[in-house]
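Student: Each residue of the sequence shown is one higher than the one before, starting from 8 at the first, in our numbering.
All C-beta atoms, glycine included, are put in the ideal place defined by N, C-alpha and C.
Nothing here was measured: the structure is a model prediction, and the numbers come from that model.
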Amino acid sequence: MAVQQATASSAVGGLLESLQTHHDEAFLYVSQGLSYEEQGENALAAEMYYKGLEKLTQGMNLDCDHPGCKGPEWDKARTLQRKMKSIKGEVEFRLIAIEAAGGAPLYGDRPPTYEEATSAGAARSPRREAEELFSIDSGVQIFYVSAGGAVEAPPEPTDLHVYCLPGRRDAMFPDEKSPLAWLQVGTWIYPLVPKQSPALRSGYGAYIFPNIDAQLKESGK
Numbered sequence: 008m009a010v011q012q013a014t015a016s017s018a019v020g021g022l023l024e025s026l027q028t029h030h031d032e033a034f035l036y037v038s039q040g041l042s043y044e045e046q047g048e049n050a051l052a053a054e055m056y057y058k059g060l061e062k063l064t065q066g067m068n069l070d071c072d073h074p075g076c077k078g079p080e081w082d083k084a085r086t087l088q089r090k091m092k093s094i095k096g097e098v099e100f101r102l103i104a105i106e107a108a109g110g111a112p113l114y115g116d117r118p119p120t121y122e123e124a125t126s127a128g129a130a131r132s133p134r135r136e137a138e139e140l141f142s143i144d145s146g147v148q149i150f151y152v153s154a155g156g157a158v159e160a161p162p163e164p165t166d167l168h169v170y171c172l173p174g175r176r177d178a179m180f181p182d183e184k185s186p187l188a189w190l191q192v193g194t195w196i197y198p199l200v201p202k203q204s205p206a207l208r209s210g211y212g213a214y215i216f217p218n219i220d221a222q223l224k225e226s227g228k
């Protein structure tokens, strides 16, 4: 019995270590992608995002849900996978926005990931053109407010756009019938999902949103 328990504990430890490794490597790629995107290097950003997605997919493919996966260690593994799923959805939004804005096309000439290669109808997606629903060409000021109350802002106002991709649905919300849509202010991107994406209009006319970029940068903590 003691030998069996030791073997099971070792298996859980090995899976958790592998899962944590995939998570940490994905975080490094995504962080580098954000840095490149902020510098306007969209092709390099897309390359880092794709590498991050591969690591996230590998971690999410580890089986933590079979009947024997019980106990605090398995709960920790499932929590980490849920976190990775959330990060994956946010990174996919950034890739779609880069491609729609005329950056690196989705998939392009890169090899498909394991998930893409084994999925039904795995032909590479053609270049998609986003439909612009609303825009302000200049004069939009964005402020970043940290959890500690610190406020930062880009030195110059920027542009604002609202896009959608007709016929494309959000994989994170498969039951949602509305087209995939997002708000973009400069390089900052926010997915717009009915009844899912929180937003607040202040008394002085400013709109307040969760900072997804900050969530991605903190995803490795």
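(1) Alpha carbon to alpha carbon, how far is residue 198 from residue 214? Give it in angstroms, no decimals.
(2) If you check the beta carbons only, do residue 193 and residue 165 fall under 8 Å apart?
(3) Secondary structure at residue 79, three-state DSSP: helix, strand or coil?
(4) With burial defined as no fewer than 16 other Cβ atoms inside 10 Å of the residue's Cβ, what is the status of residue 141: buried or exposed?
(5) Would you check if the segment 78-98 and the segment 22-37 touch, i.e. whether three or more CB-CB distances between them fall below 8 Å?
(6) For residue 105, which residues does DSSP report across the bridge?
(7) Closest to residue 218 by CA distance: which of 94, 68 and 145 is it?
(8) According to DSSP, what are the bridge partners of residue 197?
(9) Which partner residues of residue 37 appear in the DSSP bridge assignment?
(10) Give me, in chain order, the residues of the same chain whose beta-carbon lies closer than 8 Å to that of residue 27; leave out the 5 immediate sequence neighbours on both sides.
(11) Using DSSP bridges, identify the partner residues of residue 216.
(12) So what does residue 158 bridge to, in DSSP terms?
(13) Would you mind working out which of 163, 185 and 152 sits nearest residue 172, comparing C-alpha positions?
(14) DSSP beta-bridge partners for residue 138?
(15) For residue 103, is the classification buried or exposed, using 16 other Cβ atoms within 10 angstroms of its Cβ as the cut-off for buried?
(16) Can you tell which of 152, 101, 161 and 153 has the C-alpha that lies nearest to the C-alpha of residue 50?
(17) Have a look at 148, 38 and 31 and flag the residue whose alpha-carbon is nearest the alpha-carbon of residue 65.
(18) Considering only the alpha carbon of each residue, which of 162, 35, 155 and 137 lies closest to residue 149?
(19) Any idea if residue 154 is buried or exposed, counting beta-carbon neighbours within 10 angstroms, 16 or more meaning buried?
(20) Do residue 51 and the ligand GDP come close, with the Cβ less than 7 Å from some heavy atom?
Tutor: Taking the definition as stated:
(1) Their Cα atoms are separated by approximately 15 Å.
(2) It is a contact, given that the beta carbons lie within the stated cut-off.
(3) In this structure, residue 79 counts as helix in the three-state DSSP scheme.
(4) Label assigned to residue 141: exposed.
(5) Result yes; three or more Cβ-Cβ pairs closer than 8 Å.
(6) Paired residue(s): none; residue 105 is not in a bridge.
(7) Between residue 218 and the set 94, 68 and 145, the nearest pair of CA atoms involves 94.
(8) Per DSSP, 190.
(9) Answer by DSSP bridge pairing: none, since residue 37 is not bridged.
(10) Excluding its 5 nearest sequence neighbours in each direction, residue 27 has C-beta neighbours in its own chain below 8 Å: 87, listed in chain order.
(11) Paired residues: none, contrary to the question.
(12) Partner(s): 152.
(13) The residue from 163, 185 and 152 with its alpha-carbon nearest to that of residue 172 is 185.
(14) According to DSSP, residue 138 bridges with 171.
(15) Of the residues assessed, residue 103 falls on the buried side of the cut-off, its CB having 16 or more other CB atoms within 10 angstroms.
(16) Distances from the CA of residue 50 to each of 152, 101, 161 and 153 were compared; the closest alpha carbon is that of 101.
(17) Ranking the options by Cα distance to residue 65, first place goes to 31.
(18) Residue 162 is the option with its Cα nearest to residue 149.
(19) Classification of residue 154: exposed, given that the 10 Å Cβ count is below 16.
(20) In terms of ligand content, the structure shown is empty, and the ligand GDP therefore cannot be addressed.
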